[in-house]
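What follows is a set of notes on a single structure, which appears directly below.
Residue numbers (our numbering), protein chains in the order written: chain R, 1 to 268; chain V, 1 to 258.
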């Protein structure tokens with residue numbers, strides 16, 4: 001008992017020193033448990049591979065150049081989709097948020113199309129564009145677009161009227177109101193929208209790659225499923241998880257926090 | 001809000017959608033769009049009526065809804081107690097947070113390949129995918145909810161003699177409820193998309209399957225019908241069931257942060 005407590009306090013102290021360790025530490029018992037169950041062997045190894053098998057598969061896929069290439073493909077698709085989605089979504093959101101008429105006309109349509117959801121578009125997109133890059137790009141742009149637009153609208157509408165009036169009565173032109181009141185005021189929401197959109201887009205990409213794919217992590221997993229190779233499926237899942245964890249926890253969340261601190265309106 | 005106001009609100013919501021349908025009804029014949037590319041309004045209505053008459057549309061929709069309901073209920077039943085247990089101890093919850101974040105990233109779709117291997121194509125695999133989509137998000141949010149309950153509240157309850165059970169039912173559960181409901185809403189959003197994807201891959205009944213099979217025969221009217229049904233179903237679940245529930249929970253139990 002005492003030894004366990006000493007160990008625990010040691011864990012806490014080291015993890016406080018290096019935050020990365022704090023992130024990694026919880027995975028140690030999980031992997032250990034996984035290893036133990038695989039070694040104990042209630043499931044056949046073909047169904048339930050051990051961590052070593054997955055590491056070995058990782059080595060071989062990297063060595064053959066498949067994993068880096070697929071990973072690059074997936075990331076490039078997501079980045080391209082996200083960039084286009086933002087380029088369309090932020091101006092559209094500003095427009096809808098600022099104009100009452102555009103809001104009444106477009107808000108229900110936005111909600112409805114968001115509700116259809118990315119993946120339901122797959123069949124008809126395949127008919128229109130065939131199995132390929134265009135279909136996947138459209139899906140990701142679609143997925144990223146809606147959360148960005150909806151959150152930008154929310155952000156613009158949450159800017160308090162007094163702030164507009166103050167800027168206007170101090171003689172700000174509409175352009176300056178836009179760049180110095182509306183956009184900074186909406187920025188925290190825009191970033192939140194982007195973060196949600198990328199989260200949905202990432203999942204949509206995986207699904208699209210499974211169904212239409214010719215390359216990418218989703219395709220790797222689905223191809224492995226066809227070949228009955230659980231090792232590669234598990235590897236794909238781990239790569240997906242790690243990648244998104246890095247993007248979300250180390251890139252998007254800090255940006256969101258920083259924007260919130262810098263421009264966030266303190267609400268009562 | 002009076003009944004007249006609500007009616008006006010519903011009208012302003014429906015009007016733009018009606019206008020969209022009108023544009024669709026004009027554009028398709030005007031440009032003579034081939035039915036393999038995009039169907040006419042009449043064809044979609046025809047497909048809807050045919051689906052209603054032979055009952056296939058209802059079967060697909062009911063199956064999809066039943067899968068979501070079963071997966072979600074199972075996930076919530078397991079996730080909420082687990083999340084509260086984890087949340088009681090600060091150290092444990094800080095320790096487990098990265099793990100939960102990792103798995104909630106994998107939520108839903110990424111489980112499809114392995115689920116179909118473990119459970120075969122069909123009901124089991126799909127419910128498993130939905131369970132996963134909801135489970136991790138709800139556990140994470142419950143944990144978050146419990147850990148945001150101010151310590152003084154818990155101390156106050158304890159010093160007033162609250163036992164374990166009273167603490168659970170009067171402090172922890174109500175305090176975490178707003179976060180739990182938000183978690184359920186987010187998780188269901190992922191689950192609904194995951195469901196459609198899983199049904200395209202792994203089954204022979206359900207809305208996703210209906211869409212994907214129609215693609216093989218270039219029946220765009222069935223695809224568009226399916227998309228409208230999917231959109232309308234999710235919109236009504238989200239706006240008429242989940243959003244009011246979330247709002248009511250936050251109003252009733254939400255902690256007002258200064």
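Note that CB positions come from ideal geometry on N, CA and C, so glycine has one too.
Determine, using beta carbons only, whether residue 209 (chain V) comes closer than 8 Å to chain R.
Residue numbering aside, residue 209 (chain V) sits at position 209 when the second chain is read from its first letter. Residue 209 (chain V) does not count as touching chain R.
Rounded to whole angstroms, how far is the Cβ of residue 140 (chain R) from the Cβ of residue 201 (chain R), which I believe are closer than 8 Å?
On the first chain, residue 140 (chain R) is found 140 positions in, with the first residue counted as 1. On the first chain, residue 201 (chain R) is found 201 positions in, with the first residue counted as 1. About 5 Å; that satisfies the 8 Å criterion.
Along chain R, which residues have their Cβ under 8 Å away from the Cβ of residue 250 (chain V)?
As a working note, residue 250 (chain V) is residue 250 in the second chain. Those within 8 Å of residue 250 (chain V) in chain R number zero; the least Cβ separation is about 14 Å.
Can you name the residues of chain R whose CB is closer than 8 Å to the CB of residue 101 (chain V)?
As a working note, residue 101 (chain V) is residue 101 in the second chain. Within chain R, the residues near residue 101 (chain V) are 245, 248 and 249.
May I ask you to report which of helix, strand or coil DSSP gives residue 256 (chain V)?
Locating residue 256 (chain V) in the second chain gives position 256, where the first residue counts as 1. Bear in mind that the predicted position of residue 256 (chain V) carries a pLDDT of just 48, short of 50, making it too unreliable to give a figure here.
With 9 Å as the limit, tell me which residues of the stretch 26-42 of chain V have their beta carbon closer than that to any beta carbon of chain R; keep them in chain order.
Cβ contacts with chain R: 36, 37 and 38.
Residues in the stretch 220-240 of chain R with C-beta within 8 Å of chain V's C-beta atoms, listed in sequence order?
Residues 221, 222, 224, 225, 228, 230, 233, 234, 236, 237 and 240.
Just how far apart, CA to CA, sit residue 133 (chain V) and residue 108 (chain V)?
For this step, residue 133 (chain V) is matched to residue 133 along the second chain. For this step, residue 108 (chain V) is matched to residue 108 along the second chain. Distance between the alpha carbons of residue 133 (chain V) and residue 108 (chain V) is about 4 Å.
Which value, in whole angstroms, describes the spacing of the CA atoms of residue 30 (chain V) and residue 38 (chain V)?
Position 30 of the second chain, counted from the start, is the residue given in the question as residue 30 (chain V). Position 38 of the second chain, counted from the start, is the residue given in the question as residue 38 (chain V). Between residue 30 (chain V) and residue 38 (chain V), the C-alpha separation is close to 13 Å.
Report all residues from its chain with a CB closer than 6 Å to the CB of residue 161 (chain V); omit the five preceding and five following residues, and keep chain order.
Reading the second chain from its first residue, position 161 is the one you call residue 161 (chain V). Result list for residue 161 (chain V): empty, nothing under 6 Å.
For residue 202 (chain V), report the span of its alpha helix (DSSP H) as first-last.
Within the second chain, the letter at position 202 stands for residue 202 (chain V). Counting along the chain, the alpha helix (DSSP H) containing residue 202 (chain V) begins and ends at 173-202.
Determine, using beta carbons only, whether residue 54 (chain V) comes closer than 8 Å to chain R.
For the purposes of this step, residue 54 (chain V) is identified with residue 54 of the second chain, where counting begins at 1. By this cut-off, residue 54 (chain V) is not an interface position.
Would you decide whether residue 63 (chain R) is buried or exposed? Buried here means 16 or more other CB atoms lie within 10 Å of its CB.
Counted from its first residue, the first chain places residue 63 (chain R) at position 63. Exposed, because fewer than 16 other Cβ atoms sit within 10 Å of the Cβ of residue 63 (chain R).
Can you give me, in chain order, the residues of the stretch 15-29 of chain R that have a beta carbon less than 8 Å from any beta carbon in chain V?
So the close ones are 22, 23, 24, 25, 26 and 27.
Taking the alpha-carbon positions, what's the residue 147 (chain R) to residue 89 (chain R) distance?
To locate residue 147 (chain R), count along the first chain from 1; it is residue 147. To locate residue 89 (chain R), count along the first chain from 1; it is residue 89. Answer to the nearest angstrom: the Cα atoms are 9 Å apart.
What does the Cβ neighbour count give for residue 20 (chain R), buried or exposed, with the cut at 16 atoms within 10 Å?
Here residue 20 (chain R) is taken as the residue at index 20 of the first chain, counted from 1. So residue 20 (chain R) counts as exposed.
Pick helix, strand or coil for residue 229 (chain R), following the three-state DSSP scheme.
To locate residue 229 (chain R), count along the first chain from 1; it is residue 229. Note: residue 229 (chain R) maps to coil in three-state DSSP.
In terms of residue numbering, what span does the alpha helix (DSSP H) encompassing residue 103 (chain R) cover?
Taking the first chain and counting its residues from 1, one reaches residue 103 (chain R) at position 103. Run containing residue 103 (chain R): 100-116, per the alpha helix (DSSP H) assignment.
Anything in the stretch 94-125 of chain R with a Cβ closer than 8 Å to a Cβ of chain V? List those residues in chain order, please.
Flagged, chain order: 104, 105, 106, 107, 108, 109, 111, 112, 113, 115, 116, 117, 118, 119, 120, 121, 122, 123 and 124.
Would you mind sorting residue 15 (chain V) into buried or exposed? The rule is 16 or more other CB atoms within 10 Å of its CB.
In the second chain, counting from the first residue as 1, residue 15 (chain V) sits at position 15. Classification for residue 15 (chain V): exposed.
By alpha-carbon positions, which one of R:44, R:132 and R:207 ends up nearest to residue 118 (chain R)?
In the first chain, the residue the question calls residue 118 (chain R) occupies position 118. Comparing Cα positions, the closest option is R:207.
Using a Cβ-Cβ distance under 8 Å, would residue 108 (chain V) count as near chain R?
Indexing the second chain from 1 puts residue 108 (chain V) at position 108. So yes, residue 108 (chain V) belongs to the interface.
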